[in-house]
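*Asks:* Pasting a structure here, questions to come.
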Amino acid sequence: GKRKSIKCHLKILYFKMKSITQLGCEQKHTWCIARPSSEETMLQNNIDFACSNGVDCSVLASGQACSLPDTIINHASVVMNLYYSANGRQPHTCSFGNSGLITTVDP
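Right, dumping it as C-alpha cells:
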C-alpha cells in the first residue's frame, strides 16, 4: 500500500543521497594549529608531548622543511598538526589543553 511505497521511496532517496555524499562531496581538509593567544610555555609543552608521542620532530631542525619561521608558535603548529593528522584528524586530538585550533585554511 501507501506505506510500503513511501518506505521504498525513502530507501531509494537514502541510497541516492549516500552515493552523492560519497562520490560528489569531498570532505573539507582540516589542520590543527596553535591558538595565537596561547602561552609559550603551553606551546613548548605541546611540542614536547607531540615529539614524545610518535611525531617525527626532525622536520623542525635547522634547514629542514618546517624550520622556518623559527618561532615557537610555528614549530608548535607544525607538530600539533602532525600529531592531529597521525591520529585521524579527530577534534579531541587538536585540543592540547585548549591551545589548539582546527582550521580549514591551509596554514
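Take the position in the sequence shown, starting the count at 1, then add 151; the result is the number in the working numbering. Cβ atoms here follow ideal geometry from the backbone N, Cα and C, with glycine treated the same way. Please read all numbers here as calculations on a predicted model, not as lab measurements.
1) Out of T255, D257, G251, V256, which one is the CA nearest neighbour of S188?
2) Am I right that F247 and N197 are in contact with their C-beta atoms under 8 angstroms? What's the rounded C-beta distance?
3) Using C-beta distances below 6 angstroms, list every residue in its chain close to C245, excluding the 5 sequence neighbours before and after it, in chain order.
4) Considering only residues of the same chain and omitting the five flanking positions on each side of A212, which have a CB-CB separation below 7 angstroms?
5) Measuring CB to CB, does A237 end up less than 8 angstroms from V210?
6) Out of curiosity, what's the CA-to-CA distance linking Q323 and C202?
7) What are the start and end residues of the alpha helix (DSSP H) that includes L194?
8) Just mark V256 as buried or exposed, buried being the case when its beta carbon has 16 or more other beta carbons within 10 Å.
9) In this structure, does DSSP put C217 in helix, strand or coil?
*Replies:* So, to answer that:
1) The alpha carbon of S188 has as its nearest neighbour, out of T255, D257, G251, V256, the alpha carbon of G251.
2) Confirmed, Cβ separation roughly 5 angstroms.
3) Correct list, in chain order: C183, Y235, G251, I253.
4) So the qualifying residues of the chain are S218.
5) Contact: no.
6) Lying before the first or after the last residue shown, residue 323 is absent from the chain, which here runs from 152 to 258.
7) 191–202 is the span of the alpha helix (DSSP H), which, as asked, contains L194.
8) Flag for V256 reads exposed.
9) Coil at C217, not helix or strand.
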